[in-house]
Amino acid sequence: MGRHTGPVCRLCRREGMKLFLKGSRCDTPKCAVDRRDGVPGMHQFRRGKASEYAIRLREKQKVKRYYGIYEKQFRKYFAEAARKAGNTGDALMSLLERRLDNVVTRLGFAHSRPQARQFIRHGHILINGRKLDIPSYMVRPGDVIQVKNREHSQRLAVSNLGTNVMPVPEWLDRISTDPPEGRVSRLPAVQDVALPVTPQLIVELLSR
1 MGRHTGPVCR
11 LCRREGMKLF
21 LKGSRCDTPK
31 CAVDRRDGVP
41 GMHQFRRGKA
51 SEYAIRLREK
61 QKVKRYYGIY
71 EKQFRKYFAE
81 AARKAGNTGD
91 ALMSLLERRL
101 DNVVTRLGFA
111 HSRPQARQFI
121 RHGHILINGR
131 KLDIPSYMVR
141 PGDVIQVKNR
151 EHSQRLAVSN
161 LGTNVMPVPE
171 WLDRISTDPP
181 EGRVSRLPAV
191 QDVALPVTPQ
201 LIVELLSR
């Protein structure tokens, strides 16, 4: 799901919840989830009770669409999480939270993850003082994420910060400097994930 060219509001309606794929617009009366009931499609009235497989599949699709990644990428993250000690589901969500595009969004420098990916690709973000244009970069504790000291970059970030109402998670620190910057204080835990998800269902699906 790295690049979806269709109407993204259909994705939120399919999952039955706000995935904030349009940033702050999702908190306005224009949100399709609030305005229209049911999943998209003309035959929704024929859909019966979801099977056990369907429940687990929807949980996986929800996470993929929220973070904006493809199936192949998702499988790689799952394989890496399975190699780690401890709970595989918690490790999976921690890896996804550490993506740079997600961190830029959670710090408020961008309204949504698609915007954050474009922000990073265009060279507006510095990691530990060096330009990095890879949205999938995995941040580490101690990393400093800074907006490039350039008028255009700062204007974009400050504009987003001024209208962003989402709280900064506890594992990140946003520093009010010029240019704006944030710091990774620790690795994220499953309780730091803003998306209501049950990782164990995803593990059960991919372990079949």
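Position 5, counted from 1, in the sequence shown is what full-length UniProt numbering calls 5; the numbers after and before it change by one each time, with no gaps. For every residue, glycine included, the Cβ atom is placed at its ideal position computed from N, Cα and C. This one's a predicted model, so the numbers in the text were calculated from it and none came from an experiment.
| Check | Outcome |
| --- | --- |
| With 16 other Cβ atoms within 10 Å as the buried cut-off, status of residue 128 | exposed |
| With 16 other Cβ atoms within 10 Å as the buried cut-off, status of residue 101 | buried |
| Contacting residues, own chain, Cβ-Cβ under 7 Å from residue 133 (five flanking each side not counted) | 120, 121, 123 |
| Per-residue DSSP class, three states only, for residue 132 | coil |
| Coarse secondary structure for residue 182, derived from DSSP in three states | strand |
| Three-way DSSP call (helix, strand, coil) for residue 1 in this model | In this prediction, residue 1 has a pLDDT of 42, which is less than 50 and means its spatial position is unreliable; what the coordinates show is noted afterwards. Coil at residue 1, not helix or strand. |
| Distance, residue 198 Cα to residue 112 Cα | 22 Å |
| Status (buried if at least 16 other CB within 10 Å, exposed otherwise) for residue 149 | exposed |
| Residue of 136, 83, 94 minimising C-alpha distance to residue 104 | 136 |
| Inter-stretch contact at 8 Å, needing at least 3 Cβ pairs: the stretch 171-189 / the stretch 141-155 | yes |
| Check whether residue 80 and residue 95 have beta carbons under 8 Å apart | yes |
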